[in-house]
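**Student:**
Residue numbers (the UniProt record's numbering): 1 to 728.
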């Protein structure tokens, strides 16, 4: 791979002047919008332009979202923050994705421009409110000068600026004058009792365009009259390379323009998608598998399980846990294994670009523009400023588009250079991944194995907790390693376990890293997706050993974690935990913190006549700090539950001699309508800083269902998916 991709992330960034100033008035060290450059574009006459807010003469308020939106509602959330402080009408607000510019639009929690880890609101809550408040102050100052009245006598409401009943104007009317005003250093923000949009449910801005299929909403729909479409034949084994190929028959397909070899395969270029796919099917390729992964899943999981029996990298070490286990009255042992998981977004990967030899323009759903931008410039050998990225909406991601190696950019830029070398005239080109390409293309949730040994005294109290985990690291060997690994520890793998707030007197945790050519990546809720399952099913087992109710046992063990206690009590209350269930129904519970948010879920299940499980109802309670849009919070928790439920029921990616066996939704089965339970979501009122909501609903659903099954059968499933146990 490129030398750039082996450098620490900071080294991959362009040189930046210092511009970030942290204020005591920010939340979590967030950056004041007013300390950024005054504008990022040239203002048209009568237009107000600041980095995050544009007000146009037609009275449109455009919010520039520095965070990518893959369906989680971030763009609308950021707009609501600006609209509230600006006192704009929701109907006049629209959103555009910010250009790639790490000097202006960096995620201060990452250090680069990028979206992920449910950080958008945590990063931008104050920043976008300040941007809206500053714009309002400048509008008011301009109106005061224009009308010759005191600024403190002017009001703004619903996008209308007024002084009494005689003088009114729209935000657009005053935009040009406001652009000449000084940016206030510390604009006055509203208090919560003054909020109009924050904390209220309102329609998302993206719904209409997505519903009617508006042009250029998604990259898959991107078209230009002269657009070429390419598909790539990649090795069926990870790490395989092209040894030789024959494109004679492929080139005979009407519409095929050219066939070119690129570093990771053979690209068929055509005038549209179908001839490209058809042409690819006629390629004759001999692959070199000398450096490829050729093992099957069984061998890989066996290696992982063996790793968990041996010492690894120390993640947490409270003391001599082995001695404590030896002295315990009883030791519970459990081994868990989890498969590779694909992201399964409805829109497979795709990317379009135009390269004329000196400048390059891209159209795609860019989740980490700083990496994509730097990689593009490096591969093409052109200055950073000669690259433009147009970020489009994504039809889902769940982590799939957050690649540390920017492999779609690498693929299309190497193709562009190959086209240039072949003497082809400059033309825009789009690479399309079919569902099979995407599903079998790797970048999975890592396969993992977990081994637990828990000591108990003669009264069932925990004496020691030993946890070994093995998986391929998501960040080791990537540009993120320097930032996200310290002392050789990858906390992405162990989050939700090493930092548990369960009151164990002694806990040690080791991790071991598997080496494989299978690429892995963040998957919705990352390490929490498996550590929550392990921890919460083990907690249920410990409650049973102690002869205690699962909810009561948890409340005792997390009494020093009030927010976790709060969601657990709320979910149990709303689910009627202490009330009898109808015959044939069983309940299970799980509570987990991820991405700063706390979620508890109670699953109610039954069994069909054939013995398979049916999840009837899920009651969830969530504390994500200040709720910005309750309806969107509920939607994200509901979606997270459905996504996680599909994974634990049926989903797995398996390899046979290194070749992926599940290549479409017929073999990698998504959750079905018949699987989806009734869901209630209850939101804890809070004045805490807002935290993530795109991912935290996913981790608790697996263990809640597993605990409900165990309540009925007395056994916990430790190898997922549940279909392997005949429960689905």
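Idealized CB from N, CA, C, for every residue including glycine.
Rounded to whole angstroms, what is the Cα-Cα separation between residue 28 and residue 245?
**Tutor:** As a working note, residue 28 is residue 28 in the chain shown. As a working note, residue 245 is residue 245 in the chain shown. Residue confidence is low: residue 28 scores 25 on pLDDT, short of 50, so the model does not pin down where it sits. No coordinate-derived value is stated.
**Student:** Exposed or buried, residue 194, counting other C-beta atoms within 10 Å across all chains shown (16 or more means buried)?
**Tutor:** Taking the chain shown and counting its residues from 1, the one referred to as residue 194 is at position 194. By the neighbour-count rule (16 or more Cβ atoms within 10 Å), residue 194 is not buried but exposed.
**Student:** Is DSSP giving residue 21 helix, strand or coil here?
**Tutor:** As a first step, residue 21 is located in the chain shown; it is residue number 21 there, counting from the start. Because residue 21 sits at a pLDDT of 24, beneath the cut-off of 50, its placement in the model cannot be relied upon, and the following sentence gives the value as read from the coordinates. Coil at residue 21, not helix or strand.
**Student:** Please name the residue, chosen from 219, 281, 226, that lies closest to residue 248 on a Cα-to-Cα basis.
**Tutor:** Translated into positions along the chain shown, residue 248 becomes position 248. Nearest option by C-alpha distance: 281.
**Student:** Please report the distance separating the alpha-carbon of residue 198 from that of residue 568.
**Tutor:** As a working note, residue 198 is residue 198 in the chain shown. As a working note, residue 568 is residue 568 in the chain shown. Between residue 198 and residue 568, the C-alpha separation is close to 25 Å.
**Student:** Tell me the DSSP secondary structure of residue 287 in three-state form.
**Tutor:** Against the chain shown, residue 287 aligns to sequence position 287. Here residue 287 sits in strand by DSSP.
**Student:** Which residues in the same chain as residue 634 place their Cβ atom closer than 8 Å to its Cβ, once the five residues preceding and following it in sequence are excluded?
**Tutor:** For this step, residue 634 is matched to residue 634 along the chain shown. Hits under 8 Å: 681, 683.
**Student:** Spatial neighbours of residue 402 within its chain, please: C-beta separation below 8 Å, excluding the five flanking residues on both sides.
**Tutor:** Counting from 1 along the chain shown, the entry for residue 402 is found at position 402. For residue 402, where only same-chain residues beyond five positions count, the Cβ hits under 8 Å are 114, 115, 116, 367, 368, 521, 522.
**Student:** Taking all protein chains shown into account, do 16 or more other C-beta atoms lie within 10 angstroms of the C-beta of residue 118, making it buried, or fewer, making it exposed?
**Tutor:** Locating residue 118 in the chain shown gives position 118, where the first residue counts as 1. Counting Cβ neighbours within 10 Å, residue 118 comes out buried, since at least 16 surround it.
**Student:** Taking the alpha carbon of residue 642 as the reference point, which residue from 669, 661, 371, 629 has its own alpha carbon closest?
**Tutor:** Numbered from 1 along the chain shown, position 642 holds the residue referred to as residue 642. Closest by alpha carbon: 669.
**Student:** If we count the other Cβ atoms within 10 Å of its Cβ and call it buried at 16 or more, is residue 672 buried or exposed?
**Tutor:** Stepping through the chain shown from its first residue, residue 672 is reached at position 672. Counting Cβ neighbours within 10 Å, residue 672 comes out exposed, since fewer than 16 surround it.
**Student:** Does the Cβ of residue 290 have 16 or more other Cβ atoms within 10 Å, making it buried, or fewer, making it exposed?
**Tutor:** Here residue 290 refers to the residue found at position 290 of the chain shown. When all chains shown are included, residue 290 counts as exposed.
**Student:** For residue 723, name the three-state secondary structure that DSSP assigns.
**Tutor:** Here the question's residue 723 lines up with position 723 in the chain shown. DSSP places residue 723 in helix when its eight states are reduced to three.
**Student:** Applying the 10 Å Cβ sphere with the 16-neighbour rule, what's the burial state of residue 479?
**Tutor:** In the chain shown, the residue the question calls residue 479 occupies position 479. The residue in question, residue 479, is buried, as its Cβ has 16 or more Cβ neighbours within 10 Å.
**Student:** What residues match up with residue 223 in a beta bridge as DSSP calls it?
**Tutor:** Translated into positions along the chain shown, residue 223 becomes position 223. In the DSSP output, where bridge partners are listed per residue, residue 223 has none listed.
**Student:** When the Cα of residue 519 is compared with those of 306, 383, 473, which residue comes out closest?
**Tutor:** Counting from one through the chain shown, the residue named residue 519 turns up at place 519. Comparing Cα-Cα distances from residue 519 to each of 306, 383, 473, the minimum goes to 473.
**Student:** With DSSP as the reference, identify every bridge partner of residue 393, one or two as the case may be.
**Tutor:** Position 393 of the chain shown, counted from the start, is the residue given in the question as residue 393. Note: residue 393 sits in a beta bridge opposite 218.
**Student:** Could you give the first and the last residue of the continuous beta strand (DSSP E) run that contains residue 335?
**Tutor:** Locating residue 335 in the chain shown gives position 335, where the first residue counts as 1. Here the beta strand (DSSP E) through residue 335 covers 330–338.
**Student:** Smallest Cα separation from residue 217: which of 392, 185, 103, 348?
**Tutor:** In the chain shown, residue 217 corresponds to position 217, counting from 1. Per the Cα distances, 392.
**Student:** Could you name the residues of the same chain whose beta carbon sits closer than 8 Å to that of residue 379, not counting the 5 residues immediately before and after it, in chain order?
**Tutor:** Reading the chain shown from its first residue, position 379 is the one you call residue 379. Cβ within range, chain order: 2, 409, 410, 413, 414, 417.
**Student:** Exposed or buried, residue 173, counting other C-beta atoms within 10 Å across all chains shown (16 or more means buried)?
**Tutor:** Counting from one through the chain shown, the residue named residue 173 turns up at place 173. Answer is buried; the Cβ neighbour count reaches 16.
**Student:** Inspect the CB distances between the region 79–94 and the region 132–149 and report whether three or more fall short of 8 Å.
**Tutor:** Counting Cβ pairs under 8 Å, three or more are found: they touch.
**Student:** Counting C-beta neighbours from all protein chains within 10 Å, is the total for residue 594 16 or more, i.e. buried, or is it exposed?
**Tutor:** Counting from one through the chain shown, the residue named residue 594 turns up at place 594. Per the 10 Å Cβ criterion, buried.
**Student:** Sort 65, 597, 720 by Cα distance to residue 496 and report the nearest one.
**Tutor:** Position 496 of the chain shown, counted from the first residue, corresponds to residue 496. Considering only alpha carbons, the answer is 597.
**Student:** Answer yes if the region 705–714 comes into contact with the region 601–619, meaning at least three C-beta pairs across the two stretches below 8 Å, and no otherwise.
**Tutor:** At 8 Å Cβ cutoff, the stretches touch.
**Student:** May I have a chain-ordered list of the beta strand (DSSP E) segments no shorter than 3 residues that lie completely inside the region 571–635?
**Tutor:** Counting whole runs of 3 or more residues, the region 571–635 contains the beta strand (DSSP E) stretches 586–594, 597–607, 613–623.
**Student:** Is DSSP giving residue 147 helix, strand or coil here?
**Tutor:** Along the chain shown, one-based indexing puts residue 147 at 147. Here residue 147 sits in helix by DSSP.
**Student:** According to DSSP, what are the bridge partners of residue 731?
**Tutor:** The requested residue 731 is not part of the displayed model; the chain covers only 1 to 728.
**Student:** Which stretch, first to last residue, makes up the alpha helix (DSSP H) that contains residue 299?
**Tutor:** Looking up residue 299 in the chain shown gives position 299. Where residue 299 is concerned, the enclosing alpha helix (DSSP H) stretches over 297–307.
**Student:** DSSP three-state label for residue 682, please.
**Tutor:** Taking the chain shown and counting its residues from 1, the one referred to as residue 682 is at position 682. Residue 682 falls in the strand class under three-state DSSP.
**Student:** Determine the direct distance from the alpha carbon of residue 583 to that of residue 599, and round the result to whole angstroms.
**Tutor:** Your numbering for residue 599 matches position 599 in the chain shown. Your numbering for residue 583 matches position 583 in the chain shown. Those two C-alpha atoms are separated by around 28 Å.
**Student:** Taking all protein chains shown into account, decide if residue 181 is buried (16 or more other Cβ within 10 angstroms of its Cβ) or exposed.
**Tutor:** Reading the chain shown from its first residue, position 181 is the one you call residue 181. So residue 181 counts as buried.
**Student:** Determine the direct distance from the alpha carbon of residue 610 to that of residue 722, and round the result to whole angstroms.
**Tutor:** Counting from 1 along the chain shown, the entry for residue 722 is found at position 722. Counting from 1 along the chain shown, the entry for residue 610 is found at position 610. One C-alpha to the other measures close to 15 Å.
**Student:** Rounded to whole angstroms, what's the CA-CA distance from residue 76 to residue 494? Just pull it up for me.
**Tutor:** Here residue 76 refers to the residue found at position 76 when the chain shown is read from its first residue. Here residue 494 refers to the residue found at position 494 when the chain shown is read from its first residue. Residue 76 and residue 494: Cα-Cα distance of roughly 32 Å.
**Student:** Could you tell me the alpha carbon to alpha carbon distance between residue 433 and residue 352, rounded to whole angstroms?
**Tutor:** The residue labelled residue 433 in the question sits at position 433 within the chain shown. The residue labelled residue 352 in the question sits at position 352 within the chain shown. The alpha-carbon atoms of residue 433 and residue 352 are separated by roughly 12 Å.
**Student:** According to DSSP, simplified to helix, strand and coil, what is residue 365?
**Tutor:** Translated into the one-based positions of the chain shown, residue 365 becomes position 365. If DSSP states are grouped into helix, strand and coil, residue 365 belongs with coil.
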